[in-house]
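Quick note, the sequence shown lines up with residues 556 to 743 if you use this note's numbering.
Think of the CB as a built atom: it goes at the ideal place given N, C-alpha and C, for glycine as much as any other residue.
Data first, discussion second: the structure below is written as structure tokens.
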Amino acid sequence: MQNFDQIVDPIEVICSFVKSNLIKDEISLDDSTDDLVKKFEIQKSKIDHLTLDQLYTLLPTEMWRFELYQKHSWVFKSIELKYLAPWYATGDLPEEWCSMSVVDVASKIKCNPNVDSDSIRRIKVISRYPDIITSYFPPIVYQGGEIRKDLSLQVLPVDSDDGSHRSIAAALSGKTHIPGYVGFVKVN
């Protein structure tokens, strides 16, 4: 059982981001649940003890994101997927799909079986293991409107920063809620 509504340190969020980005290409349809758990545990043991400086060296192009994460307060929460907006340009998904909620995007994938893309293939693989993947790599989101400021995008309570594919995959598999890190602008 996960402990929701707990305040977490930004370094935990940064570790989660690093882990998910370093392992995302290692998940395949051939993996059993046990295979995934082994891969994820190995990744966890490599990353979770690192310092902030060591994490920076693993993904130096993401330093801007790590600095942004440190400017927020973070809570580990259960996120209702119908209120979660994907990144406004999620992989190679059609742009108009990314203007809606992750539940709407999952519906578009179901209703358009002839649309093929790298993102859709990846989402379908992830959708086989939504609980295990989101428990090891919870999406990272912000309050709605912080990322998706474009007036043409649907405004929802939370915006995805990292984990849009995972979130859409969870919705595609029938999940209504997933664990995630929710960032709030720090008030001094």
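According to DSSP, what are the bridge partners of residue i?
i    : result
P734 : S633
A724 : Note: A724 sits in no beta bridge, so no partner.
D590 : Its beta-bridge partners do not exist; DSSP assigns none.
I582 : Looking at the DSSP assignment, I582 forms no beta bridge with any residue, so it has no partner.
S628 : F739
A640 : D714
I695 : D717 and Y736
Q561 : F631
Have a look at the options and flag the residue whose alpha-carbon is nearest the alpha-carbon of residue i.
i    : options                   : result
F621 : I578, V592 and I695       : I695
D564 : I578, T606, N576 and M655 : T606
V573 : Y691, G729 and G699       : Y691
Q553 : P615, Y624, K579 and P649 : The requested residue 553 is not part of the displayed model; the chain covers only 556 to 743.
S587 : I687, Y697 and V742       : I687
D585 : R683, A640, K626 and L727 : R683
V742 : Q625, I664, W642 and D589 : Q625
F559 : V630, I678 and L648       : V630
I678 : E651, K593, G700 and G646 : G646
T689 : D603, V740 and L591       : L591
Hey, residue i and residue j: beta-carbon distance below 9 angstroms or not?
i    : j    : result
V657 : A725 : yes
H732 : I634 : yes
G521 : S575 : The structure shown does not extend to residue 521, since the chain is modelled only from 556 to 743, so the question has no answer here.
P685 : K632 : no
I702 : W642 : yes
S727 : K665 : It is worth fixing the name first, because residue 727 is Leu in this sequence and not Ser. Result yes, Cβ atoms of L727 and K665 sit closer than 9 angstroms.
L577 : L623 : no
For residue i and residue j, which I take to be in contact (beta-carbon distance under 8 angstroms), what is that distance rounded to the nearest angstrom?
i    : j    : result
A661 : C653 : A661 to C653, Cβ: 12 angstroms. No contact.
Q709 : M655 : 5 angstroms
P693 : S571 : 6 angstroms
S744 : L639 : Absent from the model: residue 744. The displayed extent of the chain is 556 to 743, so no value can be given.
I'd like to know if residue i contacts chain D, where contact means its C-beta is closer than 9 angstroms to some C-beta of that chain.
i    : result
I582 : Here there is only one protein chain, and chain D is not present.
- [ ] Give a yes or no on contact between the region 706-721 and the region 664-673, applying the rule of three or more CB pairs nearer than 8 angstroms.
- [x] no
- [ ] Report yes or no: do three or more beta-carbon pairs, one from the region 565-579 and one from the region 718-738, lie closer than 8 angstroms?
- [x] yes
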